[in-house]
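Asks: Each position in the sequence shown, counted from 1, maps to that position plus 600 in this note's numbering.
Positions of the beta carbon are idealized from the N, C-alpha and C atoms, including for glycine.
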Amino acid sequence: MASATDIPRAPLRDALAHVERLPLGDAVIVHNRESGAMVATNAFGALLIDRLRDVPDAGAVVGQVAAALGQPEDAVRGAVDDTLTRWEADGLLLTALRPFPLAVPHRPAAGAVTRSLALGPRAVSLACEDAGLVDDLDRALAPMRLAQARAAPAPVHLDILHDGAGYGVFRDGDPIWGVAGYELTRFHVLREIMDALCGPERVAAQLHASAMSMDGRALVFAGPSGSGKSTLATLLLGAGAALAADDHVALTTGGDAVLAFPTRPNLKPGTAELPAVATVIAAEREGQGPFVPKARVPVGTELRLSGFVFPRYAADADNALTPLAPEAALRELIQTGSRVSRSTKSIAPLLHALDTHPCWRLTYSDADFAVRTCRGLFAD
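1. Considering only residues of the same chain and omitting the five flanking positions on each side of S725, which have a CB-CB separation below 6 Å?
2. Cβ of V967 within 7 Å of Cβ of A872?
3. Less than 6 Å between C-beta atoms, sequence neighbours within five positions excluded: which residues of the same chain meet that for G691?
4. For F664, count neighbouring Cβ atoms within 10 angstroms of its own Cβ and tell me buried if that reaches 16, exposed if not.
5. If we ignore side chains and look at the alpha-carbon of each, how far apart do L867 and G854 end up?
6. Cβ of L905 within 7 Å of Cβ of V858?
7. Skipping 5 residues on each side, what residues in its chain have a beta carbon closer than 8 Å to that of P800?
8. Give a yes or no on contact between the segment 638-646 and the segment 700-720, applying the rule of three or more CB pairs nearer than 8 Å.
9. Three-state secondary structure (DSSP) at L801?
10. Kindly give me the distance between the Cβ atoms of P743 and T831, rounded to whole angstroms, as I take these residues to be in contact under 8 Å.
11. Please report the straight-line C-alpha distance between F861 and L790, rounded to a whole angstrom.
12. Helix, strand or coil for F644 per DSSP?
13. Which residues mark the beginning and the end of the alpha helix (DSSP H) in which T956 is found?
14. Can you tell me whether DSSP reads R609 as helix, strand or coil?
15. Could you please give the first and the last residue of the uninterrupted alpha helix (DSSP H) stretch that includes A668?
16. Within 10 Å of its beta-carbon, does Q935 have 16 or more other beta-carbons around it, so buried, or fewer, so exposed?
17. Just checking, does the segment 910-928 make contact with the segment 883-897 on the three C-beta pairs under 8 Å criterion?
18. In three-state DSSP terms, what is L851?
19. Please report how far the alpha carbon of F891 lies from the alpha carbon of T834, in whole angstroms.
20. Excluding the 5 residues preceding and the 5 following W960 in the sequence, name in chain order all residues of the same chain whose CB lies nearer than 8 Å to its CB.
21. With which residues is F910 paired in a DSSP beta bridge?
22. Kindly indicate which residue of A689, G870 and A842 has the alpha-carbon position closest to the one of D815.
23. Any contact of the segment 803-811 with the segment 762-776, i.e. 3+ C-beta pairs under 8 Å?
24. Less than 6 Å between C-beta atoms, sequence neighbours within five positions excluded: which residues of the same chain meet that for T695?
25. Checking 7 Å against the spacing of the C-beta atoms, do V680 and V713 come in under that value?
26. Between the Cα of A850 and the Cα atoms of G826, K829, I793 and G828, which residue gives the shortest distance?
27. When the distance is taken between beta carbons, is A805 closer than 7 Å to L903?
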């Protein structure tokens with residue numbers, strides 16, 4: 601059986617042209633801008649990448665690594681082979697995005713409901729085969745009062761197609777995922793709309809997160825669905841903060857700011873009836889119907905980044921704010937649906953954001969403690 605050190609020279613050289621190696625905390629992050637693959641490695645992996653750039657030959661690099669470490673080739677060959685095998689399986693040595701599993705074939709949308717939205721010179725259009733999903737998107741986007749697009753020269757176009765029990769989503773004819781259920785499809789479509797309207801050239805990463813703003817600064821609340829991001833954001837409205845984003849946050853290419861995208865808060869069932877949340881909603885809501893806060897940052901506004909908070913609520917939790925290592929924060933962001941932009945492609949801005957802004961784990965059972973703590977983090 602062929603080993604990893606049998607990887608042909610030309611494809612390896614081509615793949616390495618897309619690979620960036622960057623420090624983050626105590627780790628080294630290796631990211632392929634074309635395939636989107638990312639791995640966290642150590643000093644050995646960093647050395648291997650560096651030597652492969654000098655000698656893009658998986659067999660010959662063994663000697664280079666051995667010489668750098670002052671060891672015989674036989675002592676490092678196994679480690680080189682194992683590392684390259686893992687990287688190959690992870691997609692780090694590809695030159696394009698790996699095909700999605702359960703891919704949906706693209707076709708013209710049949711009997712589609714359409715929308716065309718604009719923000720300044722930017723526009724996005726969509727054609728969706730599920731009218732109910734479009735109604736849901738309309739409700740989510742309503743607080744931003746987006747204009748209807750008028751003859752934009754080249755708007756981003758999204759197709760949302762039925763496929764069995766799920767959906768396929770396409771951006772300008774290219775799939776953004778495989779077949780997915782309703783909630784994940786809604787998540788994907790809102791993310792693509794945010795990217796298109798904020799400006800793909802301005803967005804380095806799309807974070808699955810909420811963001812609140814005070815005095816032109818933004819605090820990002822990240823974590824899996826159900827971790828309390830939207831709940832905590834709603835509580836902060838009562839402390840003088842404004843909604844900057846509910847479920848999707850656009851990190852700028854400089855890595856020091858985010859762009860506002862204040863969709864309607866997507867509170868989980870029962871959350872609005874919690875006494876502390878209900879009090880804030882009654883005081884801060886705009887009009888009747890689904891909750892929309894009065895205090896919202898205009899869509900597309902650039903806000904200086906204060907830091908990242910990863911909340912965890914539990915009725916029996918100790919109230920605590922503890923530092924989170926940037927590499928651990930990155931792992932949580934990626935595992936919960938955040939991703940590097942497929943337009944700007946570099947992970948460097950996201951790593952810069954995590955390395956130069958504080959990351960915190962907030963555990964709490966007392967909502968007042970959480971609000972007081974987060975309010976103080978805006979100025980840090």
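Replies: Straight from the coordinates:
1. S716, P755 and H757, listed in sequence order.
2. The residue you asked about is not Val; residue 967 is Ala in the sequence shown. Against a cut-off of 7 Å, the Cβ pair of A872 and A967 comes out as no contact.
3. Excluding positions up to five away in sequence, the list reads S635, A637 and R698.
4. Per the sequence shown, the amino acid found at residue 664 is Gln instead of Phe. Counting C-beta atoms within 10 angstroms of its own C-beta, Q664 has 16 or more neighbours from the protein chains shown and is therefore classed as buried.
5. A direct Cα-to-Cα measurement between L867 and G854 gives close to 31 Å.
6. It is a contact, given that the beta carbons lie within the stated cut-off.
7. Cβ contact annotation for P800 (same chain, cutoff 8 Å, sequence separation greater than five): V756, S941, S943 and T944, in chain order.
8. Cβ pair count under 8 Å is below three, so no.
9. A quick correction: the sequence has Glu, not Leu, at residue 801. Residue state, collapsed to three classes: coil.
10. In fact, because the Cβ distance is near 18 Å, the residues do not count as touching under 8 Å.
11. When only Cα atoms are considered, F861 and L790 end up about 10 Å apart.
12. When secondary structure is reduced to three states using DSSP, F644 falls in the helix class.
13. A948 to T956 is the extent of the alpha helix (DSSP H) around T956.
14. Low per-residue confidence applies at R609: pLDDT is 49, beneath 50, and the placement is therefore not dependable enough to give any value.
15. Annotation: the continuous alpha helix (DSSP H) that includes A668 extends over V661 to L669.
16. With fewer than 16 other Cβ atoms from the protein chains shown falling within 10 Å of its own Cβ, Q935 counts as exposed.
17. The answer is no - the segment 883-897 does not touch the segment 910-928, with fewer than three Cβ pairs under 8 Å.
18. Three-state DSSP puts L851 in a strand.
19. F891 and T834: Cα-Cα distance of roughly 10 Å.
20. Non-local C-beta neighbours of W960 in its own chain, meaning closer than 8 Å and more than five positions away in sequence, comprise G907, F908, V909, F910, L921, T922, P923, L924 and L977, ordered along the chain.
21. F910 is bridged by DSSP to R961.
22. Among A689, G870 and A842, the Cα nearest to that of D815 is on A842.
23. The segment 803-811 vs the segment 762-776: no contact.
24. Apart from the 5 residues on each side of it in sequence, T695 sits with its Cβ closer than 6 Å to the Cβ of D614, A615 and E634 in its chain, given in chain order.
25. Remark: C-beta atoms of V680 and V713 do not approach each other more closely than 7 Å.
26. Closest option to A850, Cα to Cα, is I793.
27. At a Cβ-Cβ threshold of 7 Å, L903 and A805 do not count as neighbours.
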